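The structure appears below as structure tokens.
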Amino acid sequence: MGTLKLPGLIDAHVHLREPGGEHKEDITSGSAAALAGGVVLVLDMPNTYPPIVDAGTLALKRRLAEEKAVCDIGFFVGATETNPAEAAGLAWQAAGLKIYLDQTYGPLRMHNLAALLAHFCTWPADRPIAVHAEGLSAAMAIGLARIYGRRLHLCHVSRANEIALIRAAKESGAAVTCEVTPHHLLLTEADAERLGPYGGMKPPLAAEADRAALWANLDVVDCIATDHAPHTRAEKEGATPPPGVPGLETMLPLLLTAVADRRLTLERLVQLTHYAPLRIFGLPEPAECWVEVDPDARHTLGSAGLLTRCGWTPFEGMPVVGKVRRVVLRGQTVFEGQVRVQPGFGRVVVPARHEG
Ligand SMILES: [Zn+2]
């Protein structure tokens with residue numbers, strides 16, 4: 010086969026670490042990694058320092074992105090115990106609300122029932138609430154979405170019983186969507202043992218039966234997102250390694266390899282990485298945008314040449330087929346061997362508002 014042309018990928022879950030974590034990644038390095046991976050639009054999570062939880066911090070983030078991004082970028086607003094009204098007021102400037110119901114990296118875990126209910130009551134019913142919700146928390150979040158008539162998006166689903174729950178929720182008519190990550194689709198707790206701190210993330214890598222269940226229930230999965238969460242090697246090798254792994258540059262070759270292995274169709278890949286995230290978050294289609302890949306290029310994933318500042322990958326040594334050759338956005342070549350546009354080319358993306 011010659012060159013394969015795909016719609017630019019949309020990654021609904023990344024941590025570009027700015028502000029506050031620029032030694033791990035900043036908006037320029039993270040958005041460059043996105044383009045290298047064929048990703049033209051990323052939705053960035055709010056657990057930065059400071060966290061993005063009000064008009065002032067969202068404006069700061071927006072200003073940084075407008076100066077520094079090379080791909081397009083949208084933002085989540087983080088839920089805190091005191092910001093339900095203010096967060097709801099920002100709903101049309103954000104991809105969604107993010108609520109952390111379980112242990113994660115950063116300052117935003119929600120512990121307070123009254124605040125949680127206030128968010129579900131106050132956040133606009135036609136905008137998604139994205140949750141980090143594992144196990145029992147997933148059931149609680151689905152129940153709240155059902156009670157309050159809110160749209161729920163479950164991030165990085167990783168376990169067999171969670172995907173079974175989501176299937177049942179969808180069958181019952183709940184407005185629930187979900188994402189899975191390449192690392193939960195392709196790695197297990199056996200890899201976590203082999204990788205040591207480089208295999209540590211939240212939710213953790215699971216059992217082979219969990220991994221198999223994600224594939225077996227791929228019809229229930231709405232989108233694939235990286236949860237790109239870089240940390241430096243020094244941090245990973247320190248006494249208390251923080252959870253998270255990078256993923257922007259490896260998602261597309263890994264998924265193209267799954268296509269080559271006939272575990273996924275190309276059509277489904279495009280649904281999972283382009284149309285579904287745009288639909289879930291109500292975002293406009295990127296203009297004049299595509300990715301050219303060589304679907305037959307065999308190579309081995311590794312740290313050499315990565316554009317993410319952290320400079321490593323949990324998929325080190327994994328053979329893949331399929332390589333990004335060129336990325337076009339707004340009719341302009343934004344990546345071909347290297348990033349071809351200046352910081353500031355990327356635009357801040359907000360939901361498309363349907364009047365009436
Ligand atoms: Zn995350």
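In this note's numbering, the protein residues as written are 10 to 365.
For glycine and all other residues, C-beta sits at the position ideal for the given N, C-alpha and C.
Predicted model only: the values in this text are computed from it and were never measured.
Cβ-heavy atom distance, residue i to ligand 1, below 8 angstroms
i    : result
T113 : yes
M428 : As shown, the chain starts at 10 and ends at 365. That puts residue 428 outside it, with no answer to give.
Residue i vs residue j beta-carbon contact at 9 angstroms
i    : j    : result
H308 : V337 : no
L292 : A234 : no
E325 : R335 : no
C194 : P323 : It should be noted that the sequence gives Leu, not Cys, for residue 194. No, they are not a contact pair.
K70  : T57  : yes
L50  : I82  : yes
A74  : I36  : yes
V230 : L261 : no
M54  : H32  : no
H141 : H165 : yes
A64  : L99  : yes
V350 : G46  : no
L174 : P137 : no
A21  : A104 : yes
P16  : C232 : no
L264 : L273 : yes
P239 : E27  : no
R373 : G152 : The question about residue 373 has no answer, for the chain in this structure spans 10 to 365.
D236 : T190 : yes
L223 : I172 : yes
W132 : L106 : yes
Proximity test, residue i beta-carbon vs ligand 2 heavy atom, cut-off 8 angstroms
i    : result
D219 : Questions concerning ligand 2 fall outside what the structure shown contains, since the ligands it does hold are ligand 1.
Chain C contact for residue i (CB, 9 angstroms cutoff)
i    : result
L161 : Absent here is chain C; the protein component of the structure consists of one chain.
#### Entry: At least 3 beta-carbon pairs within less than 8 angstroms: the stretch 75-82 vs the stretch 100-120
no
### Entirely enclosed beta strand (DSSP E) segments - the stretch 287-346, minimum 3 residues
299-309, 328-338 and 341-345
### Message
Under 6 angstroms, CB to any heavy atom of ligand 1. Which residues pass, going along the chain?
### Response
H22, H24, M54, D236 and A238
### Query
With a cut-off of 8 angstroms, do at least 3 Cβ pairs link the stretch 310-322 to the stretch 246-264?
Contact between the stretch 310-322 and the stretch 246-264 is present, because at least three Cβ pairs lie under 8 angstroms.
### Task
Can you check the stretch 92-166 for any beta strand (DSSP E) of at least 3 residues that lies completely inside it and give the ranges in chain order?
105-109, 137-141 and 160-163
### Query
Going along the chain, which unbroken runs of the beta strand (DSSP E) with 3 or more residues stay wholly within the stretch 18-52?
18-23
### Residue ranges of each alpha helix (DSSP H) within the stretch 57-85, 4 or longer
64-77
### Query
Going along the chain, which unbroken runs of the alpha helix (DSSP H) with 4 or more residues stay wholly within the stretch 164-230?
169-180, 191-195, 198-204 and 217-225
### Task
Write down every uninterrupted run of the alpha helix (DSSP H) in the stretch 247-274 whose length is 4 residues or greater and which is fully enclosed by it, in chain order.
260-269
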